[in-house]
Amino acid sequence: MGSPFDAETFVVSYELGAPKKKGGELLRVEVFWRKHCQFLKDHGYTLRPRYQPDWRPSWLDTSKDWLESEDGVFVRGSVIDATRTDGTLVMIKAVHRTLSPDEIPVGKLLSSERLASARNHCIPYLEVIDPPEGSDKAFLVLPLLVPTELAPFETIGEAVEFFRQIFEV
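For what it's worth, the numbering used here labels the leading residue of the sequence shown as 384, then goes sequentially.
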């Protein structure tokens, strides 16, 4: 399968004088997701191959650039996409319960049947996964949304409705 590869060391080093790598290494925030990959899988969610413990970059031993590979795509924060066991694409957000103690209760309230309304445009929580043992980070499961610039309007009516909802008071 080509040159030897160690997933544990294929991580960006922030130390001064550390050897520069070719690119595509896991960022510090991505190591968090790799460490929680099995925990999330046990709860019914699969992360991209890049975050699997046995990941080997697909571009190694090829002439392909890492930015052109599906597993070259990386996350930049506390939110990541995943696939639920039924095939539904979702987003998972890591929430530090101590630093953001109100986020989960307020989100649950806004996602409740009591506040269900066409005027409630809050992203609903599909599930809240309690933190693993020894951690303070819970996981919010949310529907996968696309940026508005990636969802082209097919009719004038769709565009009008979009702006009506954005400016709704």
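Note that CB positions come from ideal geometry on N, CA and C, so glycine has one too.
Item                                                                                                                       : Value
ASP519, DSSP secondary structure in three states                                                                           : coil
Span of the alpha helix (DSSP H) around ALA501                                                                             : Neither: ALA501 is in no alpha helix (DSSP H) and is coded neither H nor E.
Counted within 10 angstroms of its Cβ, other Cβ atoms place LYS404 as buried (16 or more) or exposed                       : Low confidence applies here, because LYS404 scores a pLDDT of 49, under 50, leaving its location unreliable; read the following figure in that light. By the neighbour-count rule (16 or more Cβ atoms within 10 Å), LYS404 is not buried but exposed.
C-alpha gap between MET553 and GLU541, whole angstroms                                                                     : In this structure the chain extends from 384 to 552, so residue 553 is not present and cannot be described.
Identity of the residues DSSP links to THR554 by a beta bridge                                                             : Shown here, the chain extends from 384 to 552; a query on residue 554 therefore has no answer.
Span separating the alpha-carbon of GLY407 from that of TRP416                                                             : 15 angstroms
Cα-Cα separation, ARG497 to LYS491                                                                                         : 11 angstroms
Coarse secondary structure for ASP437, derived from DSSP in three states                                                   : coil
Buried versus exposed, by CB contacts within 10 Å (16 or more), ARG411                                                     : exposed
Closest residue to ASP469 among GLY427, ARG547, TRP449 and ILE506 (Cα-Cα distance)                                         : GLY427
Contact between the region 458-466 and the region 498-517 (3+ Cβ pairs under 8 angstroms)                                  : no
Cα-Cα separation, LEU509 to PRO440                                                                                         : 31 angstroms
Close-in-space but distant-in-sequence residues of the same chain around ALA521 (CB under 8 angstroms, 5 per side omitted) : ALA477, VAL478, ARG480, ILE487, VAL511, ILE512, ASP513 and PRO514
Alpha-carbon spacing of THR466 relative to PRO526, whole angstroms                                                         : 11 angstroms
Buried or exposed (CB count within 10 angstroms, at least 16 for buried), SER495                                           : exposed
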